[in-house]
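Notes follow the structure.
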Ligand SMILES: [Zn+2]
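In my numbering, the protein residues as written are 754 to 1051.
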């Protein structure tokens, strides 16, 4: 069971006026279809605001995790008025909820939820992702940052995938934790996540089932890219942006473009009027991303 106080609900809110609006919503009876699981650890309700939003409240390892499908929760991170209203509802109906749980009345209330167990992906809160490609003479590798309002470095990509596969909450510090039961990735980031997951899974098989010591390509915050994986990455990032660190120099919000290089070639006659000289303009701005010369940074 979730034990709540007014002070806790207030503290979780983005600010005091959000808290006050939450109480107003609660008092105005804007909460609908309030349900919970038989363990009394997951609560769900719909709150009528500008439109109908779905609020989830979950207790996990003693911590309270909340999500709401409204834009404010995604934008600010702190609890929105809809969550505050639902928490207030839980707080004020605590005795009745506990009674229902004891008498198993909630079983029927929650049948649909139990069958599913997990929240459908479309109701989860998506996180923001930023990817950085670092390339120098020796290596090409990727790293990730993610969060809701502020972005945090994914310090171990291997552990991140290990943890979310186990259904564990990944802590990124005070401001953000990724909970696979309430968080998800944005549609436009799914291709990138799938790409990284593939590398992670192959790497896992290679390093775990080998008699010999195999160098892991997923190490700490970096995923090392082979030339063919770099090619895949460029395809995956077509239409979105990434950061690029090329030989130590940073470029932000890099686009992928499949087009001819913006280089002008000029043929000029040599001084004696007989030889031709090839002049390449703007070549100093163009840098190769890979040895094969498939990709260039312009
Ligand atoms: Zn909300």
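From the three backbone atoms N, C-alpha and C, an ideal C-beta is built for every residue, glycine too. All of these numbers come straight from a predicted model, not from anything done at the bench.
- Taking a contact to require three or more Cβ pairs closer than 8 Å, the region 801-820 and the region 775-787 qualify as touching.
- Taking 7 Å as the cut-off, the C-beta of residue 798 does not count as close to any heavy atom of ligand 1.
- The beta carbons of residue 980 and residue 1043 sit about 6 Å from each other, so the pair counts as a contact at 8 Å.
- DSSP places residue 986 in the uninterrupted alpha helix (DSSP H) bounded by 980-989.
- Looking at the DSSP output, residue 879 shares a beta bridge with 937.
- The region 761-844 is shown to contain whole beta strand (DSSP E) runs of 3 or more residues at 784-789, 795-801, 805-813 and 816-821, in chain order.
- Secondary structure at residue 912: helix, using DSSP grouped into helix, strand and coil.
- Inter-residue distance for residue 885 and residue 1002 is about 12 Å (C-alpha atoms, whole angstroms).
- DSSP, read as helix, strand or coil, puts residue 960 in helix.
- Secondary structure of residue 1002 (DSSP, three-state): strand.
- Residue 932 counts as buried, since no fewer than 16 other beta carbons sit within 10 angstroms of its beta carbon.
- The Cβ atoms of residue 836 and residue 796 do not sit closer than 8 Å to each other.
- In this structure, the CA atom of residue 906 is about 12 Å from the CA atom of residue 881.
- The alpha-carbon of residue 768 is positioned some 19 Å away from that of residue 810.
- Under DSSP, residue 848 shares a beta bridge with no residue.
- The beta-bridge partner set that DSSP reports for residue 884 consists of 897.
- Cβ-Cβ distances below 7 Å link residue 761 to nothing in the same chain once the five nearest sequence neighbours on each side are left out.
- Per DSSP, residue 907 lies in no beta strand (DSSP E) and is assigned neither H nor E.
- Approximately 6 Å separates the beta-carbon atoms of residue 901 and residue 929; this is inside 8 Å, confirming the contact.
- Taking C-beta atoms as the reference points, residue 827 and residue 878 count as a pair closer than 8 Å.
- Not one heavy atom of ligand 1 is found less than 7 Å from the C-beta of residue 779.
- Inclusion of residue 825 in the 7 Å shell around ligand 1 follows from its C-beta lying nearer than that to a non-hydrogen atom of the ligand.
- Between the alpha carbons of residue 923 and residue 851 lies a gap of roughly 30 Å.
- About 5 Å separates the beta carbon of residue 834 from that of residue 771, a gap short enough to meet the 8 Å contact definition.
- A distance of 8 Å or more separates the beta carbons of residue 952 and residue 989.
- Of all alpha-carbon atoms in 969, 825, 943 and 927, the one lying nearest the alpha-carbon of residue 894 is that of 969.
- Residue 789 has its Cβ no nearer than 7 Å to any heavy atom of ligand 1.
- Bounds of the beta strand (DSSP E) holding residue 976 are 975-977.
- Inter-residue distance for residue 822 and residue 789 is about 18 Å (C-alpha atoms, whole angstroms).
- When the alpha-carbon of residue 1012 is set against those of 991, 999, 915 and 1005, the nearest one is in 991.
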